[in-house]
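Please read the structure below before turning to the comments.
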Amino acid sequence: MMEPSVDMSPSKGRRDALKRRESDKFMEQLQSPSVRKLFSENKTVQSLQVIHNLKLEYRNRKWLEVASFFVGLVGILLMLADNEVVMRAQVPSTRLSEGLKAAVSATTAILLAILVFRYNSHTNIYKMQNILPPSATFLSVYWPQLLLELIICGFHVPPGFSGTLPVLQFRHVMNRTVADERHLCVHPKGLLTKIQDNTCYLSYSYFYDVFGVIMVLRLYLFGRYMRSSSPLYSQWAAFIGTMKNVNAMSPFFHFKAIFSTQPARLVAPLLTFVVFFTAAVIRILEVPAQPLLLNYWTAVWMTTASITSVGYGDYAPVTYAGRGFLTFSGILGGLLILSLVQSIFFSSLELTENETRVKYIIDKTRWDKQRREAAARLLQTQYRLRQVRKEGKKTEHFERQLYERMDEMHKFVRGEPKIERSFEEEMDIHLGALLREMDELKRQEDAILQRIEAKTRRLNERCDTLVQSI
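Each residue of the sequence shown is one higher than the one before, starting from 851 at the first, in my numbering.
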């Protein structure tokens, strides 16, 4: 009998040696001529390699699109900081503003490089999916879109470009019949005005840095960011969408998918961003004309009142650029985002399936009670009419009352509460009816077979009787 302290298992070094021996043997088998010939003739390995490369390209495009959005957003924030500096200092250029412009230029160069790499990855994906020929390049296929994006994302105010742009904004034509016209050109808010060639103008000046507001066009990258950050973003989702004739890589598809599952997490940050970002841009466009908006929270209040369609009128944009930008933001925020907020609110008021069933049970119980009462009144009226006819009295009143009771009863029959069945319930009902019909057919078939068997037995018995008699 062995001692319990004796360890009969192989040592660690021996186990490692056995594993190495097995792996070497496996590698020798893989490198044999027969296996190599099998892999060379079979294209499964090449197909798996293409699928793996496609997955890597999807992942590469995802990170490039996410990075392009954040780099573009950083450039916009630096532009806003640059305008804030020159707006506070009231000079066309400062050392800090020039440094911020240099940072904007650096982020712009990085963004343009990311866009080029993104289009290259996008082209590789389409080539692997056989949408584009293998010889296609992103410059030969997507050069119009790439050129347009490079122009939009490459625009910025470079370092050293500074100055002042005086603006005369038309208000109205003066009346020549009035002797003293100066009081007719006075702005209600006391803003600076100027009369020139019998025309009243609103006078203000922009610094060249204000042209950086055009960089807000980079926010179109948010659509790609939303698609790339969605959990539905993968080559498998694109493949399933192709089978169902749905573009699963469309940013709008991902927006609808996220909104249907997590509406509050999507709409609340989007509405907040639109309000505060619009207020920041409106300050840049409006402060040269009305310095009252130098207070950022005043601009936030004006933007909120405009987007929500409240419009108290205590603050309003006066420059053409400010009015245009606030109108566009009002359409985007007021009509689109607020409508999404309203849809979330009204969808929360809809009854759930269990609540609908509870309401149906209550309504059906109340309806049954009222129907029984109406039926009882109808029977009572019919009985009274019969008694009156036996007594030989006038029956017009009871006949009219009988017709009213009958009409009331018909209304109850037509107004029976119903509950809308779900698709699964409808399918269960149809399948149940189909199974019942099949069972009925089976019973009829069994009955026919039993009659045939009974007749066959009787025929055999008579044949046997006839044979015995012969």
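Virtual Cβ for every residue (Gly too), placed ideally from N, Cα, C.
Between the C-alpha atoms of TYR1054 and TRP993, what's the straight-line distance to the nearest angstrom?
The alpha-carbon separation between TYR1054 and TRP993 amounts to approximately 41 Å.
Can you give the Cα-Cα distance for GLN1294 and HIS1280, rounded to whole angstroms?
Near 21 Å, if we compare the C-alpha coordinates of HIS1280 and GLN1294.
Ignoring anything shorter than 3 residues, give me the beta strand (DSSP E) runs that lie fully in the region 990–1077, in order along the chain.
Runs found: 1014–1023, 1043–1046, 1049–1057.
What are the boundary residues of the alpha helix (DSSP H) that LEU1116 is part of?
That run of the alpha helix (DSSP H) goes 1113–1136.
Please report the Cβ distance between ALA1107 and LEU1071, rounded to the nearest whole angstrom; I am assuming they are in contact, meaning their Cβ atoms lie under 8 Å.
Distance from ALA1107 to LEU1071 at the Cβ level is roughly 19 Å; contact not present, criterion being Cβ atoms closer than 8 Å.
DSSP state of VAL1168, grouped into three classes?
Collapsing the DSSP output to three states places VAL1168 in coil.
CB of GLY1073 within 9 Å of CB of VAL1125, strictly
No, the Cβ-Cβ distance between GLY1073 and VAL1125 is not below 9 Å.
C-alpha gap between PHE919 and LEU1052, whole angstroms:
Cα to Cα, the separation comes out at about 38 Å.
For the pair the region 979–989 and the region 1034–1047, tell me if three or more CB-CB distances fall below 8 Å.
Judged by Cβ distances under 8 Å, the region 979–989 makes no contact with the region 1034–1047, as fewer than three pairs qualify.
Within this structure, are the beta carbons of VAL1017 and THR1177 separated by less than 9 Å?
Not in contact: VAL1017 and THR1177 (Cβ atoms no closer than 9 Å).
Would you call LEU1143 buried or exposed, if buried means 16 or more other Cβ atoms sit within 10 Å of its Cβ?
With 16 or more Cβ atoms within 10 Å of its Cβ, LEU1143 is classed as buried.
If PRO942 sits next to VAL936, beta carbons under 8 Å apart, how far is it from one beta carbon to the other, in whole angstroms?
Going by Cβ atoms, the distance from PRO942 to VAL936 rounds to 7 Å, so yes, they are a contact pair.
What's the call for PHE1196, buried or exposed, on a 16-neighbour Cβ count within 10 Å?
Exposed: under 16 other Cβ atoms inside 10 Å.
How should MET1065 be labelled, buried or exposed, when 16 other C-beta atoms within 10 angstroms of its C-beta is the threshold for buried?
With a 10 Å radius around the Cβ and a threshold of 16 neighbouring Cβ atoms, MET1065 comes out buried.
So the candidates are GLY1172, HIS1260, ASP1059, PRO1267; which of them puts its Cα closest to the Cα of ASP932?
Out of GLY1172, HIS1260, ASP1059, PRO1267, ASP1059 has the C-alpha closest to the C-alpha of ASP932.
GLY1062 burial status per 10 Å Cβ neighbour count (16 or more: buried)
Of the residues assessed, GLY1062 falls on the buried side of the cut-off, its CB having 16 or more other CB atoms within 10 angstroms.
Backbone CA spacing between ARG1308 and VAL1317 [nearest angstrom]:
Distance between the alpha carbons of ARG1308 and VAL1317 is about 14 Å.
For the region 947–957 and the region 919–929, state whether three or more C-beta atom pairs, one from each stretch, are separated by less than 8 Å.
At 8 Å Cβ cutoff, the stretches touch.
Which whole-angstrom value is the C-beta distance of VAL1191 and LEU1121, which I expect to be below 8 Å?
Going by Cβ atoms, the distance from VAL1191 to LEU1121 rounds to 7 Å, so yes, they are a contact pair.
Taking LEU962 as the reference, give the member of ARG1068, PRO1113, ALA939, ALA1149 with the closest Cα.
Among ARG1068, PRO1113, ALA939, ALA1149, the Cα nearest to that of LEU962 is on ARG1068.
With a threshold of 16 other CB atoms inside 10 Å of the CB of THR1215, please say whether the residue is buried or exposed.
THR1215 is classed as exposed because its beta carbon has fewer than 16 other beta carbons within 10 Å across all chains shown.
Does THR1153 pass the burial test, meaning 16 or more other C-beta atoms within 10 Å, or should it be called exposed?
Looking at its Cβ environment, which holds 16 or more other Cβ atoms inside 10 Å, THR1153 is buried.
Between the region 1201–1208 and the region 1232–1251, can you find at least three pairs of beta-carbon atoms closer than 8 Å?
When C-beta atoms of the region 1232–1251 are compared with those of the region 1201–1208, fewer than three pairs fall below 8 Å, so the two segments do not count as touching.
Could you tell me the boundaries of the alpha helix (DSSP H) in which LYS1219 lies?
For LYS1219, the enclosing alpha helix (DSSP H) has its first and last residue at 1203–1241.
With a threshold of 6 Å on Cβ separation, who are the neighbours of THR1128 within its own chain once the five nearest residues in sequence on each side are excluded?
Only THR1153, SER1179 meet the Cβ criterion.
Report the start-end ranges of each beta strand (DSSP E) in the region 934–962 that is 3 residues or longer and not cut off at the edges.
Taking only runs of at least 3 residues, no beta strand (DSSP E) segment lies wholly in the region 934–962.
Top-ranked residue by Cα proximity to CYS1003, from LYS977, VAL1036, VAL966, THR973
The shortest Cα separation from CYS1003 among LYS977, VAL1036, VAL966, THR973 belongs to VAL966.
Which of the three DSSP states is assigned to LYS1268 in this structure?
Correct three-state label for LYS1268: coil.
Exposed or buried, which one is ARG1236 when buried takes at least 16 other CB atoms within 10 Å?
By the 10 Å Cβ count, ARG1236 comes out exposed.
Drop a sphere of 10 angstroms on the beta-carbon of ILE1001, count the other beta-carbons inside from all chains shown, and report buried for 16 or more, exposed for fewer.
Label assigned to ILE1001: exposed.
Look at VAL921 and THR957 and say whether their C-beta atoms are less than 9 Å apart.
A Cβ-Cβ contact shorter than 9 Å links VAL921 with THR957.
Throw me the rounded Cβ distance for the ARG1227 and ARG1255 pair, which I believe falls under 8 Å.
With a beta-carbon spacing of about 5 Å, ARG1227 and ARG1255 fall inside the 8 Å limit used to define contacts.
For GLN1230, which of VAL1036, PHE1248, LEU914 has the nearest alpha-carbon?
PHE1248 is the residue among VAL1036, PHE1248, LEU914 whose C-alpha sits nearest the C-alpha of GLN1230.
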